[in-house]
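Chemist:
There are 2 protein chains.
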Amino acid sequence: MNSFEEVNYFVQNGHQDYLPHISIDCVIFGYQQQQLKILLLKWKGLNGWGLPGGFIKRREPLSEAAYRILQEKTSLNDLFLQQFHVFGDSPYRVGERSTREFTEKFGLEVQADNWLFERTLSIGYFALMDHVKVNVQTDFFTDDYQWWDASDVPQLLFDQNEVVEKALLTLRLQIYHQPIGYNLLPEKFTLPEIHTLYETILGKELDQRNFSKKLMALGLIQKLNEQRSIGAHRSPFLYQFEKEKYEQALKEGIVHTY
Amino acid sequence: MNSFEEVNYFVQNGHQDYLPHISIDCVIFGYQQQQLKILLLKWKGLNGWGLPGGFIKRREPLSEAAYRILQEKTSLNDLFLQQFHVFGDSPYRVGERSTREFTEKFGLEVQADNWLFERTLSIGYFALMDHVKVNVQTDFFTDDYQWWDASDVPQLLFDQNEVVEKALLTLRLQIYHQPIGYNLLPEKFTLPEIHTLYETILGKELDQRNFSKKLMALGLIQKLNEQRSIGAHRSPFLYQFEKEKYEQALKEGIVHTY
DNA sequence: CAGGTATTCTGTAAATTTTACGGATTAAAG
DNA sequence: CTTTAATCCGTAAAATTTACAGAATACCTG
Chain A
1 MNSFEEVNYF VQNGHQDYLP HISIDCVIFG YQQQQLKILL LKWKGLNGWG
51 LPGGFIKRRE PLSEAAYRIL QEKTSLNDLF LQQFHVFGDS PYRVGERSTR
101 EFTEKFGLEV QADNWLFERT LSIGYFALMD HVKVNVQTDF FTDDYQWWDA
151 SDVPQLLFDQ NEVVEKALLT LRLQIYHQPI GYNLLPEKFT LPEIHTLYET
201 ILGKELDQRN FSKKLMALGL IQKLNEQRSI GAHRSPFLYQ FEKEKYEQAL
251 KEGIVHTY
Chain B
1001 MNSFEEVNYF VQNGHQDYLP HISIDCVIFG YQQQQLKILL LKWKGLNGWG
1051 LPGGFIKRRE PLSEAAYRIL QEKTSLNDLF LQQFHVFGDS PYRVGERSTR
1101 EFTEKFGLEV QADNWLFERT LSIGYFALMD HVKVNVQTDF FTDDYQWWDA
1151 SDVPQLLFDQ NEVVEKALLT LRLQIYHQPI GYNLLPEKFT LPEIHTLYET
1201 ILGKELDQRN FSKKLMALGL IQKLNEQRSI GAHRSPFLYQ FEKEKYEQAL
1251 KEGIVHTY
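Chain order of the listed sequences is A and B. Each residue of the first sequence is one higher than the one before, starting from 1 at the first, in our numbering. Each residue of the second sequence is one higher than the one before, starting from 1001 at the first, in our numbering.
Pasting the structure below:
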């Protein structure tokens, strides 16, 4: 949705195609330079950062909507995506953007009763993805994107900081019950890489020997007969996830401590 | 909401006061005769059972809406209540009730475009309560209620069986991270009682000695200097929760296995 | 009132899991 | 060849979890 006509139609008549009062916000986690990152979009004119998001089509299953929105923003579809919370405790969530400001910034005439300015609950989803595979798409309302350090997210629009906080908490809790990494790491990775990933997500040190022992004992990863060259040091072996075991662990859950 | 006038106003004009397209469904767990129970309401005329639920007022924070709805149905307000999932994968969730049938059963004239018959997502909450404290209120649409065995819930309206399933799963997962029992047991309870409660929720046997050892070690419960008389057998001692420890565990979480 | 019955209650040893910890190996650079 | 910085590997101690049985109690019955 990029042309003025498309956008104008969406603003004026979107409520015919989309459910009003409900939006989807996506917290997209990536992993880069040993840092957990979150993808944010910059609102044109507003000079503020926000989460990628969108609305649900009237005849579209909720989960499909989330996938579609994510696909639109990242051009990715093979990913881990999970609903985690509904936010709607501040009844005037959207009130901050005044209609006048909206008109000035975007050149779109909107009335005070425009559907986009009504109260909107937001369903939070979080996604994990290998950031190098992501091809971020901005749209009419946004003109920039950036991967922000998860522990250093700027002030966001509306109550989205709360959304990010909750996503992080959920991710950290989840890591104790489900394997995580398949969508955040390249297909082949080294022990130090996955080790650092877990340390990063959990925000604490994990004994490297015990960690890999555990991972191997669970049968989640498999050692390959290849090594990566990392310059002036011993070459680490490459590993890959055991797809079947991984899927099984996703479904059935695991109990561990790392 | 019980009089015909009130209800008619709600049906015809409710969208002015409530957010359309979004409802709240409550899975209310109780504990009775060593069984985990779920509170269901019987729809008048429809001869079908469903979850207590309601809509969110336009200016009402989401969490307040959930509490209000629960309060309306059970007359209780001191309880454990938690959002757990949004359901909306079948776009025609409400389509099953035809407007004609609705008119016949309830004597309310509704047009096909009535707000209640539009697609509605449902936010699932689950609550835990001591069933003896509950004073169930039926309303215009429902004329009966019953506590059903959690493992033996009848076919419900719409996709509510899925909602119940997910609530149970969430409860079972949660019990590993949070103390549960405060809202399901009377203030003073015996070891065998709480033991059976946990066995019931988890659906498996727990060694009684190890279980109480663990509970005591966590400092969650406190032995009282009173006993309950249970007839022809040894009188069990009464216990109560350590409120502070319990609250703390609720916030910070616990890691255990029981 | 003595014996029977059904329930509560308590401790310890074995098995398992988690934790702690250091030194040998390797790849390239100097 | 030496140095440097990183990977890799195993074992012993500590902590936790599991398994398990018998004594005590309260009322009922004969």
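For glycine and all other residues, C-beta sits at the position ideal for the given N, C-alpha and C. Values in this document were obtained by computation on a predicted structure and should not be read as measured data.
(1) Do Ile1022(B) and Thr1074(B) have their CB atoms nearer than 9 Å?
(2) The alpha helix (DSSP H) with Lys57(A) in it runs from where to where?
(3) Using a beta-carbon distance below 9 Å, is Arg68(A) in contact with chain B?
(4) Within a Cβ cutoff of 6 Å, which residues of the same chain sit near Ser90(A), ignoring the five residues on either side of it in sequence?
(5) Whole angstroms is fine: what's the gap from Asn1008(B)'s alpha carbon to Thr1142(B)'s?
(6) Taking only runs that begin and end inside the stretch 174–236 of chain A, name each unbroken alpha helix (DSSP H) of 4 or more residues, in chain order.
(7) Kindly indicate which three-state DSSP category Leu1156(B) falls into: helix, strand or coil?
(8) Closest to Phe10(A) by CA distance: which of Gly54(A), Val136(A), Gln248(A) and Leu81(A) is it?
(9) Just list the alpha helix (DSSP H) runs in the stretch 1029–1108 of chain B, keeping only unbroken ones of 4 residues or longer that don't cross its boundaries, in chain order.
(10) As a quick exercise: from Met1(A), His85(A), Asp144(A) and Leu46(A), pick the residue whose alpha carbon is nearest that of Leu40(A).
(11) Identify, in the order they occur along the chain, each residue of the same chain with its Cβ nearer than 8 Å to the Cβ of Glu60(A), setting aside the five sequence neighbours on each side.
(12) Is there contact between the stretch 77–91 of chain A and the stretch 107–125 of chain A, where contact requires at least three CB pairs shorter than 8 Å?
(13) Find the nearest neighbour of Leu128(A) within the set Pro154(A), Asp149(A) and Leu79(A), judged by alpha-carbon distance.
(14) Is there a Cβ of chain A sitting closer than 9 Å to that of Ser1023(B), yes or no?
(15) Our contact map puts Pro1192(B) next to Leu1250(B) with C-beta atoms below 8 Å; I'd like the distance itself, whole angstroms only.
(16) What is the rounded straight-line gap between the Cα of Thr190(A) and the Cα of Asp130(A)?
(17) On the premise that Glu1242(B) lies in contact with Leu1220(B), defined as a C-beta separation below 8 Å, what is that separation, rounded to the nearest angstrom?
(18) Chain B partners of Pro61(A), CB-CB under 9 Å?
(19) Is the beta carbon of Gly1030(B) sitting closer than 9 Å to the one on Trp1115(B)?
(20) Any heavy atom of the ligand FAD closer than 8 Å to the beta-carbon of Asn8(A)?
(21) Would you verify that the beta carbon of Arg119(A) is, or is not, closer than 9 Å to some beta carbon of chain B?
Modeler: According to the data block:
(1) no
(2) Careful: Lys57(A) lies outside any alpha helix (DSSP H), inside the beta strand (DSSP E) at Gly53 to Lys57.
(3) no
(4) Asp159
(5) 15 Å
(6) 191–202 and 208–217
(7) strand
(8) Gly54(A)
(9) Note on the stretch 1029–1108 of chain B: whole alpha helix (DSSP H) runs with a minimum of 4 residues are 1062–1074 and 1099–1106, in chain order.
(10) Asp144(A)
(11) Arg68
(12) yes
(13) The shortest C-alpha separation from Leu128(A) is found at Leu79(A).
(14) no
(15) A Cβ-Cβ separation of about 24 Å leaves Pro1192(B) out of contact with Leu1250(B) under the 8 Å criterion.
(16) 15 Å
(17) 6 Å
(18) Gly1088, Asp1089, Ser1090 and Pro1091
(19) no
(20) Among the ligands in the structure shown, none appear at all, so the ligand FAD cannot be discussed.
(21) Output row for Arg119(A): interface = yes.
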